[in-house]
Amino acid sequence: MGVLNGVTVAIILFGIGLLGLILRRDLVIKLLALGLINSSTILCLVSLNARPDGAPPLLQGNGLGAMVDPLPHALVLSAIVINFAILALALVFVMLLVERYHTTDSRRIEEEVAREEGE
Amino acid sequence: MTIARGALLVLLPVIAILALTRRRRLAAIIAMGLFSLILAGVYLLAHAPDVAITEASIGAALVTFVYVLAIRRTGRLVVVGTEVPGLLQREGARVGGLEHEILAGFARHLGLDLVVRLVSREDVVAAVAQGEADIGGGGLVAGGCGEGVLETRGYLPTAVFRVSRAGQRDVEQRSDELARGYLNDVTDAVRGGKGLDVSLDLARFVCVSRLDLSGYVVNRLPGECDYTFILPSGREEMQRRLTRYLEGLRESGELDRAVGRHLT
Amino acid sequence: MTVLALLPLFHFALAPVSLLQGRLARRLSALAVLVDAALVGWLLASIAGGGDLGIVMGEAAVGLGIRLVADPLTIGFTLLTLLIEGALVAYLWSEAPRAYFYTLLHLLFGAVFSTLFTRDLFNIFVTLELLTLVSFLLVGYERKARQVWASLKYLVLASLGMSLYLIGVALIYYHTGTLDLDAIAAGLPPGPVPRWVWLGSALLLSGIAVKSGVFLFSIWLPEAHARAHSAVSALLSGLVIKMGVVVLIGLAATFPVSVSLQVLGAVTGILGLVYAITTDDLKRMLAYSTLSQLGYVILGVGIGTAASLTAAGSYAVAHGLFKGLLFLAAGTAIREGGFRDIAPLIAQRGRVSRGVRLALLVGTLGIVGLPPLAGFAAKSLLTHATAALPVQGVMFLMSLGTAAAFAKLGRLLWPGKGAWGSATANLSFIVLGLPVLFFLPLAWPVLPRALAAAGRSPIPYAESLAAIVGGYLLHRWIRRRPRRALPQRFLRLEEGVMTILSGFFLVLILVWLQAR
Amino acid sequence: MRRFSMPFAVWATLFVTLFCGLVLFAFDYEGPRVDSLGLSSESLAYDTGAANLVSAIYLNIRLYDTLLEVLVFSVAVLGVHFYLGPRGVEEQVEGIPESHVIRTSAGLLLPVIVVLGIHLVLFGHVSPGGGFSGGVVAASGLLLCAVALGAEAVGRRFHETFLERIEWGILLSILCLACAPLALGRLPLTDVLPQGQVGSLVSSGSIVLYNVLIGLKVFIGTWVIIHFFMRHRGEI
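Protein chains in written order, with my numbering: chain A, 1292 to 1410; chain B, 28 to 291; chain C, 2 to 517; chain D, 1392 to 1627.
Spelled out as structure tokens, the structure:
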């Protein structure tokens, strides 16, 4: 498969997510970028052992030898749910901030908070 | 199989970049939903059906749903504006004025709730350009809002006045500050007899002219101009509907009556 | 050793019960302290009886199941957790927060207990995420806008850190086929270190460092701590941050990270002090001092000998005690005095009750290392666990700086006259203050004999007194100089991401240097 | 779109590129490994009785992880409830009537989605699926349809307290189930029920029970989260 495998793509996605997280000022887009970073780690875990000739880890009478490793899949299920939990809470907090400052621009919020601190 | 997997894997970064460079949040969110769906496909091809189902149900469906709910603007018509006496002003705890009446009617017409946020002048254009609000108002003069936003056809003729006092050096420094609490700053400056060089639309000028303007040079800028509303770019449909609604008001004479109520 | 599983499960079960029976929540928390004390007693008894120290959850095969292990170091942290829990329950007794708050507390303590015992890389990830989310909710509990913003930054950056960690887990699993820390240590190839080991170590270390307040990785963390409710600050600074240290100790035994830990520890310590000395806000000063003390601990972990690990562990426990005490007392002092800044607080010291000032005094003496209090015992252990002169020098510098930072409190520490304050708050101060005062005799049975022998020489006493006096003089000198504000831009979100990345590069280079 | 200054953006890009390059270089990924990484799938299946090996690991061998994960989800629900719950008066948000097509298709979709969710939960141990995905599918499907049909006010009365009580009650029963083996002198989180025939519905001991309980809990939790987001929609 050469360069085009899940792990490589996952790491590239991680980089894209990082750039989005740093360079976009909109908090909602930042959260999307964070979600992308989290998804990329999941892709990385799943792709570790994804053999093209493998079989899903289900006992349906087919040979055990061809099965892909089920352990990363089980781990990833937890990770997906945790990512959703983080996202939901982060969105709620963004809502609270918007209610207070009427903007989703991270720099503006930072300035406003600093100004309130100074008072 | 290999080709399909390769194609999906190449598609992933492309969609991710597309998603994160969108200006409008809704587009970014939907692109990320698509991204999750493709990711689920990749998992399926990697023999991980459990992960694929979970990713599709949580990553693609639930997360997108929650995002869209959080930013969904149908259901509310969000208006940002600066305070202008007569056009958009606080009346106790509420907001009133000519523009408020027009927009409240428009929101009723669309079946939406009206939410008005009074912000500083520079934030009006920024908020609309970013898509944080549906409509920007508050004594905006047609042609003066720059790129990146749509304008409706003007709903009321107005004029622009230039108030200045020559020989003052602090004009440039003040122009930044003036952007914040625009009208209050101008009236304060006039009361204190300080240096100024600002353009005021008719409604604001009327307000300022009640003060003592002796010592200031007042010019009416040449040309015809109108008050207008602005919308985020890409909302042509909304622009058309608002323009049509304003036309309807003018033809029925309702607009003139409203002007009479608020601006005399 | 079922007790290892029972401690976390008990707290997790209490969380829904206190939410469902809101009126009982306060009494349930008191009950929880008693039950915990009994369970910890059981744990100590079975260790003294020489029982097996580990279990595999679900009775599965090792390497596949999750293994929980108790060792002397984790016992120390278990006791710390118990004491902080007791103090918090007493402190919150009169305040009576909502059932929601108690639910979060129980979840937090459950997560802390499971982090303490687990030896599984992925399980560490899940427990740390639970810790992150619960502390996130606790920081924003009062819903003030600045708390919410600090909290959100905390969540985003911690989540980024955990993603780095998870990539590291994937890498390690790919190459070794197991998630168990000890099995990985056994499975690392002998001879020259392959490059995936240094990448894996750097990723895991960076991920944990974000959670544990190490310089470059979480310079923003003190903000979150300082802005929270005082009980929450005590909890985060005293306990939650230590969980990162616990995991770091586990990682240091397996991966080649000692040089990077030493460098990070030294830089964290010095930088934290610079911020602590220059800030005027009492709680923020305490939070930055946590950063510097943590540098101390990480330095000890980095040295990596058995003696230094014990010393670092006991210092982390000692710090948990006096920092918890200081935060609780500071919270009450700020509420009674009405100011957050130190100078006006000193002017208003008459309004601060005597118990609070006494608690501040004990905590300060503990943290600056006056013999024979907790700080002194652990610090001298740590200093003498290493023979390297530069390391000792850095440690002395940190003691000096700590004394200088706390000298600012000045006359606020004088108990003087006045009312004693509320009984429950004083009880919480006693719960944390007594172990600070009598740390040495309490820790005596646990410490190795060789270290105990080092404690008898007069050098540590002289050193610690010199640090205190020197710190006071330094404070006098600094006070007369014009103050310049330190850059705050590293506390912003975008720069936070960048500094995490640069921290990762630094760790990678250091691991690589060590592997060479 | 307000952007950052150019040097900052260049630095950031440089950093991230360097990061990706280093990780890619040092990952040493040489394609999927053929050996199944030290675990025997066969013994796994017969130890737990679940034909779906992912479920076997997720709900039996590494149940402790799963338990913590369920707690994380509960914390999220708790947080959403706490911060979006009691905030001033409820606003009158007038829903826009959906078109006839959407209504009809939603009505048709509803039973399919719910049945799919239940299937995912009940057969999670023999085929792909499980409590989590099943619960989410059922809840989000139900709510999507509820929005389309304009029936979001359904059950607004008992949302707040009643549902939350049930949810936390279920969490408590999951924890009790996890601790039940203690009574038999075994470690907590072990499976003490008979395993049954591998591949049949009634097999794999307590995995089915956990699946059902987690499915219910996630169903309610998702419902609560979406409900609160719906009440505060459009706030960003």
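Cβ atoms here follow ideal geometry from the backbone N, Cα and C, with glycine treated the same way.
Using a Cβ-Cβ distance cut-off of 8 angstroms, determine whether residue i contacts chain D.
| i | result |
| --- | --- |
| residue 93 of chain B | yes |
| residue 76 of chain B | yes |
| residue 21 of chain C | yes |
| residue 396 of chain C | no |
| residue 63 of chain B | no |
| residue 279 of chain B | no |
| residue 311 of chain C | no |
| residue 1342 of chain A | yes |
| residue 1326 of chain A | no |
| residue 96 of chain B | yes |
When you compare only the Cα positions, how much space is there between residue i and residue j?
| i | j | result |
| --- | --- | --- |
| residue 77 of chain C | residue 272 of chain C | 28 angstroms |
| residue 1445 of chain D | residue 1359 of chain A | 11 angstroms |
| residue 316 of chain C | residue 383 of chain C | 8 angstroms |
| residue 273 of chain B | residue 1378 of chain A | 42 angstroms |
| residue 30 of chain B | residue 1343 of chain A | 11 angstroms |
| residue 42 of chain B | residue 73 of chain C | 51 angstroms |
| residue 194 of chain C | residue 244 of chain C | 28 angstroms |
| residue 1613 of chain D | residue 1468 of chain D | 8 angstroms |
| residue 1397 of chain A | residue 1317 of chain A | 6 angstroms |
| residue 37 of chain C | residue 8 of chain C | 7 angstroms |
| residue 318 of chain C | residue 346 of chain C | 29 angstroms |
| residue 391 of chain C | residue 1603 of chain D | 60 angstroms |
So is residue i in contact with chain C if we call contact Cβ pairs under 8 angstroms?
| i | result |
| --- | --- |
| residue 1370 of chain A | yes |
| residue 1453 of chain D | yes |
Exposed or buried, what is residue i when buried is set at 16 or more other beta-carbons lying within 10 Å of its beta-carbon?
| i | result |
| --- | --- |
| residue 421 of chain C | exposed |
| residue 480 of chain C | exposed |
| residue 1443 of chain A | Only positions 1292 to 1410 of chain A appear in this structure, which leaves residue 1443 of chain A out of reach. |
| residue 233 of chain C | buried |
| residue 231 of chain B | buried |
| residue 1348 of chain A | buried |
| residue 1397 of chain D | exposed |
| residue 1588 of chain D | exposed |
| residue 1553 of chain D | exposed |
Let me make sure I understand the geometry here. Which of the options has the alpha-carbon closest to that of residue i?
| i | options | result |
| --- | --- | --- |
| residue 155 of chain C | A:1385, A:1362 and A:1399 | A:1385 |
| residue 92 of chain B | B:57, B:183 and B:137 | B:57 |
| residue 1611 of chain D | D:1582, D:1603 and D:1526 | D:1526 |
| residue 310 of chain C | C:248, C:93, C:324 and C:334 | C:248 |
| residue 288 of chain C | C:298, C:246, C:229 and C:266 | C:229 |
| residue 142 of chain C | C:381, C:103, C:126 and C:339 | C:103 |
| residue 229 of chain B | B:251, B:239 and B:212 | B:251 |
| residue 1472 of chain D | A:1371, A:1304, A:1376 and A:1302 | A:1376 |
| residue 292 of chain C | C:354, C:367 and C:213 | C:213 |
| residue 1570 of chain D | C:416, C:58 and C:99 | C:58 |
| residue 1372 of chain A | D:1470, D:1476, D:1475 and D:1461 | D:1461 |
| residue 128 of chain C | D:1455, D:1561 and D:1565 | D:1455 |
| residue 45 of chain C | C:3, C:146 and C:19 | C:3 |
Taking 8 angstroms as the threshold (beta carbon to beta carbon), is residue i in contact with chain A?
| i | result |
| --- | --- |
| residue 1567 of chain D | no |
| residue 90 of chain B | yes |
| residue 244 of chain C | no |
Step through the CB atoms of chain B and report whether any lies within less than 8 angstroms of the CB of residue i.
| i | result |
| --- | --- |
| residue 1384 of chain A | no |
| residue 1298 of chain A | no |
| residue 1409 of chain A | no |
Taking 7 angstroms as the line, does the beta carbon of residue i fall inside it for any heavy atom of the ligand COA?
| i | result |
| --- | --- |
| residue 233 of chain B | Looking for the ligand COA in the displayed structure turns up nothing, as the structure carries no ligands at all. |
Worksheet entry | alpha helix (DSSP H) runs wholly inside the segment 110–197 of chain B, at least 4 long, in chain order | 125–137 and 148–156
Worksheet entry | Runs of alpha helix (DSSP H) lying entirely within the segment 22–76 of chain C, each at least 4 residues, in chain order | 26–49
Worksheet entry | Runs of alpha helix (DSSP H) wholly within the segment 52–107 of chain B (minimum 4 residues, chain order) | Uninterrupted alpha helix (DSSP H) stretches at least 4 residues long and entirely within the segment 52–107 of chain B occur at 52–72, 76–81 and 90–98, given in chain order.
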